[in-house]
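Report on the structure given below.
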């Protein structure tokens, strides 16, 4: 047996040290899952946006994506299923300088939490919502969800999904979000730049990221490895900034329209309104 | 208006003639509440309306949410942001809140939930009184937890005791339920608000160690951990999952044992400091009434009437409904030959009293199922049966 001497270059430092809770690594995500790389992109974007880490709070609901908050070394809150958004609104109101980011999955944000999403967009709450859409309920073993496309196979859709899925960018847009974008897990650079924009925005910004979930989605839909899902994205993605969000719904064979769809200025935010109400409240006392 | 002037407005010192709902709102402001997240529901809506007007005056915030689920989630979030926070609702709304009350129990989040009870189940009697949520405030959310629930009997107590509710929530780090009922909420009585400096306020204890030494769920002797809030630089780690002292999720029987035992024991082992009752003419009584909230008012009236007839009867009024005063009732069961329990439900604290009196005395509930309060005469009739 020939002993080969390999010299390893050991580094005990990682560029994101200090922004991840080291004691919690390794994470629980499956091989081929995109949540690890998406987490990296999110942290990169937080840093690139120049946010004060002390003023960043991350709030999640329940599910695989909901676990991201717990790996991040910011003020992090892992709440109940579907309720990350109202928790985040309450948290954000206590300090207008705080940047509150909601990171959660499609089932959490749009099935059980759908009502909170539409109202938060309507009131232009000052939060950035990042939805990792993996087209199914991963944590619970692969059930059909509100973004499953027609014909998709899941444990509770053994004959194929039959219901029309939500078109998330269009839902966000029609409810009043001031920033709306969609990327795939493959678009790490564009996703990062887009997240920097979303995080720098006042009001309700929304970024959908199409993730790769080989374990509970891919295996049942001829995409058994993470790489296969990313290859599908590579072959079926069309970049269309400013696309009409009504036209970006997702079907089985694509195309997957990605890009920045909405970026509007000037819509007063919930914080603006609340600070204005304080002025009115104080004025009412002075009059009395 | 200066900051000092805004602070002055937090406590409306003076004499007032108001409803219980207004009193509880003013009491909350006096306790330091700065955030109200709520959803309208009869018979509690006046609390939200009053807070919508008052909070902006004192640099606080009011948000009307899309439902009760969002409301309770928002006040938990605001609490972690450092604000004393509250919501107000009635039975149907409380039903929607119980999931996040569980989150508040598990994550040890101070906040106050006012429940102005009406008749149930379901939509029930929106405009009429009930006391049917007693057990829900104890057992509403899944899992084991020990709540603190306070029930006022007067408008003055709606003010005074909601301050205690905030203080307990801060001291023991948990959501505290303030269990009112439609009658107390809607009736007007004199309210005296003391000077600000006369009001005792408790604030949560915060860590002072460097962040790298802080263990967010390591508790001292009182079993209550120090609470860092968002923005303090401690990088808060909060999860509804079973967690270790670092706040890290740990899915094991050992972690569950430690975590869940402590969040229960912090109340159980401190219950003597928490339980508050009022005793009225009990010293020589051989019949005891036990009641709370609105029903206790009628009970007191019936004690006075019975005493005039020479019947030795007294009243034990529960001010904290939970934790339950088991030991006091056990002693009382040795003293009296009968315990009578008027309550506006089909027997909720009655069974709890049967349990804690260990069969040593007869326990008789007088139940009204909602929509009307007991008259002293009705209770007197039962007292006379037992003499």
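Residue numbers (my numbering), protein chains in the order written: chain A, 1 to 288; chain B, 1 to 387. Don't be surprised by glycine CBs; every beta carbon is placed ideally from N, CA and C. As the structure is a computational prediction, the values presented were derived from the model and not from experiment.
DSSP-derived helix/strand/coil call for residue i
i	result
residue 144 of chain A	strand
residue 115 of chain B	strand
residue 342 of chain B	strand
residue 193 of chain A	helix
residue 276 of chain A	helix
residue 269 of chain A	coil
residue 154 of chain A	strand
residue 44 of chain B	coil
residue 265 of chain B	helix
residue 83 of chain A	coil
residue 23 of chain A	helix
residue 88 of chain B	strand
residue 214 of chain B	coil
residue 149 of chain A	coil
residue 12 of chain A	coil
residue 175 of chain B	strand
residue 51 of chain A	coil
residue 223 of chain A	coil
residue 239 of chain A	strand
residue 249 of chain B	strand
residue 50 of chain B	helix
residue 17 of chain A	strand
Cutoff 8 Å; reference residue i; Cβ partners in own chain excluding five residues on either side
i	result
residue 247 of chain A	257
residue 200 of chain B	163 and 167
residue 366 of chain B	340, 341, 342, 343, 374, 378, 379 and 382
residue 100 of chain B	69, 72, 73 and 76
Cross-strand partners of residue i (DSSP beta bridge)
i	result
residue 210 of chain A	A:133 and A:184
residue 64 of chain B	B:38
residue 219 of chain B	B:225
residue 105 of chain A	A:132
residue 76 of chain A	A:58 and B:237
residue 17 of chain B	B:190
residue 280 of chain B	B:315
residue 99 of chain A	A:56
residue 181 of chain B	B:117
residue 322 of chain B	B:149
residue 33 of chain B	B:84
residue 127 of chain A	A:100
residue 205 of chain A	A:128 and A:179
residue 31 of chain A	Residue 31 of chain A is not bridged to any residue.
N- and C-terminal bounds of the alpha helix (DSSP H) containing residue i
i	result
residue 161 of chain B	155–172
residue 362 of chain B	Careful: residue 362 of chain B lies outside any alpha helix (DSSP H), inside the beta strand (DSSP E) at 362–367.
residue 169 of chain A	168–175
residue 122 of chain A	114–122
residue 43 of chain A	35–48
residue 4 of chain A	It is not in any alpha helix (DSSP H) - residue 4 of chain A carries neither H nor E in the DSSP assignment.
residue 231 of chain A	226–236
residue 108 of chain B	Element bounds for residue 108 of chain B: n/a, residue is neither H nor E.
residue 136 of chain B	134–139
Closest by C-alpha distance to residue i, when choosing among the options
i	options	result
residue 173 of chain B	B:282, B:79, B:183 and B:31	B:79
residue 176 of chain A	A:147, A:55 and A:204	A:204
residue 25 of chain B	B:376, B:155 and B:275	B:155
residue 164 of chain A	A:155, A:156, A:174 and A:145	A:145
residue 47 of chain B	B:274, B:112 and B:13	B:112
residue 4 of chain B	B:160, B:58 and B:180	B:58
residue 311 of chain B	B:278, B:225 and B:336	B:336
residue 21 of chain A	A:4, A:67 and A:9	A:67
Sequence-distant residues of the same chain with beta carbon closer than 7 Å to residue i, five excluded per side
i	result
residue 67 of chain B	39 and 96
residue 153 of chain A	160, 220 and 221
residue 132 of chain A	35, 38, 65, 105, 209 and 211
residue 15 of chain B	190 and 192
residue 22 of chain B	46 and 50
residue 326 of chain B	356
For residue i, the first and last residue of its enclosing beta strand (DSSP E)
i	result
residue 149 of chain B	148–150
residue 287 of chain B	287–292
residue 260 of chain A	256–263
residue 127 of chain B	125–129
Residues of its chain near residue i, where Cβ-Cβ distance is below 6 Å and the 5 sequence neighbours each way are ignored
i	result
residue 101 of chain A	58 and 128
residue 233 of chain A	184 and 186
residue 103 of chain B	240
residue 330 of chain B	356
residue 78 of chain A	60, 69 and 70
Beta carbon proximity, residue i to chain E, threshold 7 Å
i	result
residue 112 of chain B	The structure shown contains no chain E; the protein chains it does contain are A and B.
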